[in-house]
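S.K.: Taking our numbering, I'd label the letters of the sequence shown as residues 1245 to 2278. We put the CB at the ideal spot given by N, CA and C, even for glycine. This structure is in C-alpha cells; I'll ask about it shortly.
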Amino acid sequence: MKIKQPLKKKIKYNLVFLFFLNFLLCNTINAQSTTIEGKITDATGLSLPGVNIQEKGTKNGTSTDFEGSFKINVTNNKAVLIISYLGFQTQEVSVAGKTKINVSLAEQSNSLNEVVVVGYGSVKKTDLTGSVSTISAATITERNTTSALEAIQGSTPGVTISSTSGRSGDGFKVVIRGNNSLVGSSPLYVVDGVPVDNIDFLNPQDIARMDVLKDASSAAIYGSRGASGVIIVTTKSGANVKSGINVTFDSSYGTKTAARLPKMMNGEEWWKFHQVAYMSATPATQTPAQLAALAGNQSPLLVTRANNGYNFDWADAVLKPGMTQNNYLNVTGRSDSGLSYNLGFGIQSDEGLIDNDGTDKYSFKLGLNHKINDKFTTGANVTIARVDTQLGSDLAMQDAFRLSPLMSPWAVDADGNERVGTLFFLPGKLTYPDGSWAINKTSAVNPLMEIANSSQTEKTWQTVGNVFFQYQALKWLSFKTTFSAGIENTVTSAAYGAQTNAGVTLNGKNSASIKNFNNFNYTWDNQIDLKHTFAEVHDFSVLLLQSLYSNVDETSYLYSNNQPFDTGSNNMGSGVQTSYNISSGYLKNTLSSYAVRLNYTFKDKYLLTASTRWDGSSVLSEGNKWQSFPSVALGWKISKESFLANSNVISDLKLRASLGYTGNDNVAPYTSQALLNQQTFYANGANVVSGWQSENLANQDLTWEKTRELNLGLDFGFLKNRISGSVDVYDRLSDKLIYKQQLPAESGWKNTFANVGSVSNKGVEVLLTTKNIKSENVNWETTFTFTKNVNKLESIYNQDKVSDIGNKLILGSELNPNYNYVYDGVWQESEAARAATYGQAPGQARPKDLNGDGKFNQDDRTVIGNANPDWQGSLYSKLTVGNFDFNFSVLTSQGQTVLSTFHQNFADVSDRGRQKLAMDYFIPTNGTGIEANANNTNPRPGPVATGAGAYWTSLFGYYRDVSYVKIKNISLGYTLNSELLKKLKISNLRIYVNVLDPFVFTDFDGYDPEWAASPFGVNRPASVTTQLGLSVKF
C-alpha cells in the first residue's frame, strides 16, 4: 500500500520524536542512577558519623555511617550536595564529573549556627526567641579553675557570680537578673536532667556546655522552679563522639600566695593607739605617767617591747603558700556496633592559705550512647564525685589579724626573752615562769595552737545520672523517656581540743560534733516531639511533656561538749552521758508536672514560641498546690527581608519579644502547717516538766510566688559577623513573695509563713563580640559584657504605703538594703557647743540630722548606697599568632556599698586591745605628750562613753564602697604539632602558663571587695595563683 506523502512525513516526525524522547528518558534514568560515594572527616582526619548529606533543592538526603562514609543517588550530574554537621561549617560541593567525594569539615566559628539548649530540647541560635546564653566547654576550662562557676564569672551578661568568702570549698553565689524573692534567689541548676542545689561538685573538664535561661519565657518550661533563672549543665556524653579511640590528658600545677594584704598598724602605731584609747574623759589634765600606768597596767613586757620597737607579724606566722593541682584524663571512642562512650577521670586539689584549709575533689564521668538502628537510640550518663574539704579554723583566721604586734606566739623566760618554738596558749595573758604577769590584756587564743587543736571537715559523695530511651516512630514523630536521679551524702564534722577557744569556754574540755545529710531525688520525664514542615515555609515543632519529681532529705546531728579524749569526731560515744545534744530530721517533697511547647517558623523569618507548664507541689496546702506558668515569644529575622538580604554591612538582625510567667515554691516541706519544733519547759510548782510548743501559725492560704517578665531583645551581626552581639531589656515583677512574718506576742505564735509582697527587677544587658583580626596566622577576638539591674520592693503586707523598718523591708528600695544612720564624720573641738545640743562631745561619731529637727533619732535613718552593684561588666580578649595563644579576662563591679565585716573588726576604735588597720583617728587636746589630731574620718579611740559615742554601736561607720576592677586571669600557651609528635602518636601538645587574680584595682582596704560582706573569720585574704600546665591529645 502506498502511503500518502503527508502521512509519511508525519510518521517520520513521530519516529524522530520517539527517538529523542527515548534518549532523554535514558539520560534521565542514567542521571537518577548516578551514585556518589565518599567520606566525611574533621580537620585532623577523624571520621564524623551522622553528618547530614542533602541534595540541594530536593528532599533527597542521607547521613554518614559510623566510619564517616556515605552513599547517595543524585538526580543529575550537576547536582550540589549540602554537607552539614553540628559544630562544623556547612559546605556545598558540586558532583559534576565525580563519583567519589571526600570532604574535610572545618569547625564552626559562626556562633549564629550553634544549637542552644532550652530545656527538654534545643533550637538553633538563629531561631531562638528568648534570652538564653550558652557557655562552651572551651570557655569553662580556659581559666583552669577547680570551680565551674568561677570559670564562667563575667562570661554572661545578667548573671552575677561572686565568691562567698574566698575560702576553698565555700562556693559561689549566683543571681540572675536581680534578687526576686525574700526566701532565696538562687537559680535552678539542672545537671543531666537532675535538679541540684549547686554544681561545686562537678569537675569543669566534665562539662560539655552550660545554657543559662534568663527570661521567663525560656524558663517557663521549668514552671515553679524557674523564677530565678535556670542553669542547664550538660556533661560530656557519648553523643557525637568521633570514630576510633581518642585520648586527652590535661595536667597543671600551681602555687597560691596571699596578695594585697590589708596594711595593719606596726608595733609603734598600735602602742600609740592603745594609749590614746586609755585617755580619760578629761585628757587635758592627764599626765604622761598616768596614761602609761593605765595603758601598761600589769603588762611590763608590753611597755618594754613598745620602747624597743618590737613588731611581730601575726599574719605572716599564720598564712602560708597554697597549692593547686589538676589532672584529668578523657577517653572517647565508638565501637563497630554503634556504641559510643566518653570516659573522664579527674583529681583536683586546692590548698588554702592556712593549715588544714583546702579541698580535694575526685571525679568519674561516663557517658554512653547507642544508636541501635534508625528507630531506636538509648544512652546513659553518670557523674560520681568525692569532695573532701577542710574548712580551716575561723577563729585562727580572725586572731591572726586581731592580736597586737607587741605580742607573739612564744613563751618567755624570766628576763622576757622569747623561747621561740615553745607556744604559749594565751599570748595576751602571757606570764613569766614564776606566774607573774608579763602581759595582761586580751584572752584571745594563740592562732597557731587553735589551728593545731581544731578541725572542721566536710566530706561529700555525690552522684547524678540519667538513662534515656528514644524511639523515632516516624520522621516527624519521636518519643523519649528519661529517668534521672541524684544521690548525696555529706558528713560535716568539727572537733575542738582543750587548747582552743572552745576549750576555754568549756573549762578545758574537748568537744565534737558530727552531722549527716542524705539526699535522694529522682525525675522521670516522658516527652513526645513532633516536627514537620508544610509547603516548605511552615516549620512546626511541638513538645508534650509529663514529669514527676521526688526529693527526700534526711539529717542527723550529734554534739558532745565533754569528750574525755581529743579524738575528733571519731569517738564521740565516749563522752559524758549528759553532754550530748542529738537531733534528726526528715523532709520529703514531690512535684508533678505537665507541659506543652510550640515552636513555629514561617519562611525562616517569623518565629513564634508558646509554652505552658502545670505544676502541682506537695509543699503547699490543699487548694493551692496546682498552678500554670504560660509564656509566649516572637522573633523577626529582619536580615532575611528582601531590603536587607543583599546588605554588605548587616549580616544578621533579629528582633525578639517575650512574655512569660514562672513560679517559686521555695519553702521547706510542711511550712504551711503548724509544727511542733521547739522544746520548752514549764514550771509546775517545784517541778519542771518538758513540753512542745507550736512555734508557727499554720497558713492554709500559702501559695506560689509568681513572676511575670517582659523581655525585648535585639541580636545583631555586622560585616560578615566580624561584629556581633545582643541587647536585652527586661521588666520583671515577682508577686506574692513568701516571707517568715513575725507575729505579735499576743497571738501565741512567733511567726507564720505568708505571701506578703512584691518586688520588681528592671535592667539592660549587652553582649558585644568583635573579631578584630581574622587571618590564616593571626586571629584576635574580643568580647564585652554590660549588666545593669534595678531592684525595688514594690509592696509589703499587701500594701504599698508603709515600710517594715524593723525587718529592713523598705518600700521603693532594693531587697536587704543598707538601712542606718548616715555617718557624717567626727565632732571637732571647735564644735563642742553644737555637739552638746545633740548630747554629744568632740571626738564622737556624728550621724547626719536628715530631717533637721535638732536631734538624732530613728527618723534620721535612711538607705545607704546600693547594696547591689549599680552596674557590672567584663572584657575577654584572645589573640592567636601561629602556634601561640594569649588571653585575658577583666571583671568589674561598680557602685556597690556593703557593711564591711573586716572594718567592723579592725576599724572599731571602741576596742582598745585588738590590732587595727593603719588608719588615722581623732586625738583630743591632752596633757600626755601625744600630739592632738583633728581627724574627721575616724572618731576618738576608747570606750563608747568617752570615745566614739553611742551612735558608733549602730555600725554606721563601717559601710564601704566595694567597687573594683579585677584582672581575673592571664594565660599564655604554645601548641606543638610537629612530625616528631606524630611519630609518638600525639596529635598535639599545648604548654601554658596561667595566672588567676593577679591584679585588683579598688579603694577597698580590706581583704577583697568581692566578698567584703561575708562573715568575718570565714572570709580569707585575696590570693594570686600561678599555674604551669600541659594538654596532650593522642
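Just to confirm the assignment, what range does the alpha helix (DSSP H) spanning residue 1638 have?
M.R.: Looking up residue 1638 in the sequence shown gives position 394. Residues 1638-1646.
S.K.: Helix, strand or coil, according to DSSP, for residue 1354 in the structure here?
M.R.: Working through the sequence shown from its first residue, we reach residue 1354 at position 110. Note that residue 1354 scores 46 on pLDDT, short of 50, meaning its location in the model is unreliable and no value can be drawn from it.
S.K.: For residue 1841, which beta-bridge partners are listed by DSSP?
M.R.: Counting from one through the sequence shown, the residue named residue 1841 turns up at place 597. Paired residue(s): 1787, 1855.
S.K.: So what does DSSP say about residue 1517, is it helix, strand or coil?
M.R.: Residue mapping note: residue 1517 aligns to position 273 of the sequence shown, counting from 1. Residue state, collapsed to three classes: helix.
S.K.: If you check the beta carbons only, do residue 1409 and residue 1418 fall under 8 Å apart?
M.R.: One-based indexing of the sequence shown puts residue 1409 at position 165. One-based indexing of the sequence shown puts residue 1418 at position 174. Contact flag unset, no.
S.K.: Less than 8 Å between the C-beta atoms of residue 1791 and residue 1774, yes or no?
M.R.: As a position in the sequence shown, residue 1791 is number 547, starting the count at 1. As a position in the sequence shown, residue 1774 is number 530, starting the count at 1. No; because the gap between Cβ atoms is not below 8 Å, this pair is not in contact.
S.K.: Between residue 1306 and residue 1314, how many whole angstroms is the CB-CB distance? I'm expecting something under 8 Å.
M.R.: Within the sequence shown, residue 1306 is the residue found at index 62, counting from 1. Within the sequence shown, residue 1314 is the residue found at index 70, counting from 1. About 6 Å; that satisfies the 8 Å criterion.
S.K.: By Cβ distance, which residues of its chain are closer than 6 Å to residue 2243, with the 5 residues on each side in sequence left out?
M.R.: Position 999 of the sequence shown, counting from 1, holds the residue named residue 2243. 2211.
S.K.: In terms of DSSP beta bridges, what is residue 1740 paired with?
M.R.: Residue numbering aside, residue 1740 sits at position 496 when the sequence shown is read from its first letter. DSSP output for residue 1740 lists 1698, 1755 as bridge partner(s).
S.K.: Just to confirm the assignment: which complete alpha helix (DSSP H) runs, minimum length 4, are found wholly within the segment 1565-1649?
M.R.: Counting whole runs of 4 or more residues, the segment 1565-1649 contains the alpha helix (DSSP H) stretches 1638-1646.
S.K.: State the start and end residues of the unbroken alpha helix (DSSP H) segment that holds residue 1439.
M.R.: Locating residue 1439 in the sequence shown gives position 195, counting from the first residue. Counting along the chain, residue 1439 falls outside any alpha helix (DSSP H), though it belongs to the beta strand (DSSP E) covering 1438-1440.
S.K.: Give me the Cα-Cα distance between residue 1267 and residue 1361, rounded to the nearest whole angstrom.
M.R.: As a working mapping, residue 1267 is identified with position 23 in the sequence shown. As a working mapping, residue 1361 is identified with position 117 in the sequence shown. Because residue 1267 carries a pLDDT of 41, less than 50, the predicted location of this residue cannot be relied on, and no value is offered for it.
S.K.: Considering only residues of the segment 1317-1396, which uninterrupted beta strand (DSSP E) runs meet the minimum length of 3 residues and lie entirely inside it, listed in chain order?
M.R.: Within the segment 1317-1396, the complete beta strand (DSSP E) runs of at least 3 residues are 1324-1328, 1335-1338, 1344-1348, 1359-1361, 1366-1368, 1376-1380.
S.K.: Look at residue 2143 and residue 2063 and say whether their C-beta atoms are less than 8 Å apart.
M.R.: The count along the sequence shown starts at 1 and reaches residue 2143 at position 899. The count along the sequence shown starts at 1 and reaches residue 2063 at position 819. No, the pair does not count as a contact, with Cβ atoms beyond the cut-off.
S.K.: Closer than 7 Å: is that where the CB of residue 1619 sits relative to any heavy atom of the ligand ATP?
M.R.: In the structure on display, the ligand ATP does not appear, and there are no ligands present to speak of.
S.K.: For residue 2099 and residue 2082, what's the separation of their Cα atoms in angstroms?
M.R.: The residue labelled residue 2099 in the question sits at position 855 within the sequence shown. The residue labelled residue 2082 in the question sits at position 838 within the sequence shown. Using only the alpha carbons, I get a separation of about 6 Å.
S.K.: Rounded to whole angstroms, what's the CA-CA distance from residue 2263 to residue 2255? Just pull it up for me.
M.R.: For the purposes of this step, residue 2263 is taken as residue 1019 along the sequence shown, with counting starting at 1. For the purposes of this step, residue 2255 is taken as residue 1011 along the sequence shown, with counting starting at 1. Spanning the two alpha carbons is a distance of roughly 7 Å.
S.K.: For residue 1667, write down the residues that DSSP places opposite it in a beta bridge.
M.R.: The residue given as residue 1667 occupies position 423 in the sequence shown. Residue 1667 pairs with 1654.
S.K.: Taking the straight line between their C-alpha atoms, what separation do you get for residue 1783 and residue 1847?
M.R.: Taking the first residue of the sequence shown as position 1, residue 1783 is located at position 539. Taking the first residue of the sequence shown as position 1, residue 1847 is located at position 603. Distance between the alpha carbons of residue 1783 and residue 1847: 8 Å.
S.K.: Exposed or buried, which one is residue 1873 when buried takes at least 16 other CB atoms within 10 Å?
M.R.: Indexing the sequence shown from 1 puts residue 1873 at position 629. Label assigned to residue 1873: buried.
S.K.: Pick from 1710, 2048, 1938: whose alpha carbon is nearest that of residue 1439?
M.R.: In the sequence shown, counting from the first residue as 1, residue 1439 sits at position 195. The option with the nearest alpha carbon to residue 1439 is 1710.
S.K.: Return the bridge partner residues of residue 2125 from the DSSP annotation.
M.R.: Reading the sequence shown from its first residue, position 881 is the one you call residue 2125. Partner(s): 2022, 2128.
S.K.: Terminal residues of the continuous beta strand (DSSP E) containing residue 2080?
M.R.: To locate residue 2080, count along the sequence shown from 1; it is residue 836. Where residue 2080 is concerned, there is no enclosing beta strand (DSSP E), although the alpha helix (DSSP H) it sits in stretches over 2076-2081.
S.K.: Give the straight-line distance between the Cα atoms of residue 2236 and residue 1385, rounded to the nearest whole angstrom.
M.R.: In the sequence shown, counting from the first residue as 1, residue 2236 sits at position 992. In the sequence shown, counting from the first residue as 1, residue 1385 sits at position 141. Distance between the alpha carbons of residue 2236 and residue 1385 is about 13 Å.
S.K.: Run through DSSP, which three-state label would residue 1886 get?
M.R.: Walking along the sequence shown from the start, residue 1886 turns up at place 642. Three-state result, residue 1886: helix.
S.K.: Run through the DSSP bridge pairs and tell me what residue 1949 is partnered with.
M.R.: The count along the sequence shown starts at 1 and reaches residue 1949 at position 705. Looking at the DSSP assignment, residue 1949 forms a beta bridge with 1908.
S.K.: Under the DSSP definition of a beta bridge, which residues are partnered with residue 1508?
M.R.: As a position in the sequence shown, residue 1508 is number 264, starting the count at 1. Residue 1508 is bridged to 2161.
S.K.: If contacts are defined as beta-carbon pairs under 8 Å, then residue 1698 and residue 1739 qualify, I think. What distance do you get, rounded to the angstrom?
M.R.: Mapped onto the sequence shown, residue 1698 falls at position 454. Mapped onto the sequence shown, residue 1739 falls at position 495. Right, the Cβ-Cβ distance comes to about 7 Å (below 8 Å), so this counts as a contact.
S.K.: Using the beta-carbon count (16 or more within 10 Å), is residue 1489 buried or exposed?
M.R.: Reading the sequence shown from its first residue, position 245 is the one you call residue 1489. Exposed, because fewer than 16 other Cβ atoms sit within 10 Å of the Cβ of residue 1489.
S.K.: Using the rule of at least 16 other Cβ atoms within 10 Å of the residue's Cβ for burial, across every protein chain shown, is residue 1948 buried or exposed?
M.R.: On the sequence shown, residue 1948 is found 704 positions in, with the first residue counted as 1. Residue 1948 should be labelled buried.
S.K.: Counting beta carbon pairs with one atom in the segment 1457-1476 and one in the segment 1540-1551, are three or more of them shorter than 8 Å?
M.R.: Counting Cβ pairs under 8 Å, fewer than three are found: no touch.
S.K.: Please confirm whether residue 1999 and residue 1984 have their CB atoms less than 8 Å apart.
M.R.: Looking up residue 1999 in the sequence shown gives position 755. Looking up residue 1984 in the sequence shown gives position 740. No. Outside cutoff.
S.K.: Flag residue 1439 as yes if its beta-carbon sits less than 8 Å from any beta-carbon of chain E, otherwise no.
M.R.: Here chain E cannot be found, since the structure has a single protein chain.
S.K.: Check the DSSP bridge columns for residue 2214 and list the partner residues they point to.
M.R.: Position 970 of the sequence shown, counting from 1, holds the residue named residue 2214. Looking at the DSSP assignment, residue 2214 forms a beta bridge with 2132, 2239.
S.K.: At what residue ranges does the segment 2217-2273 contain a whole run of the beta strand (DSSP E), taking only runs of 3 or more?
M.R.: Correct list: 2232-2246.
S.K.: Have a look at residue 1896 and residue 1367 and give me their C-alpha separation to the nearest angstrom.
M.R.: Counting from one through the sequence shown, the residue named residue 1896 turns up at place 652. Counting from one through the sequence shown, the residue named residue 1367 turns up at place 123. Whole-angstrom Cα-Cα distance: 17 Å.
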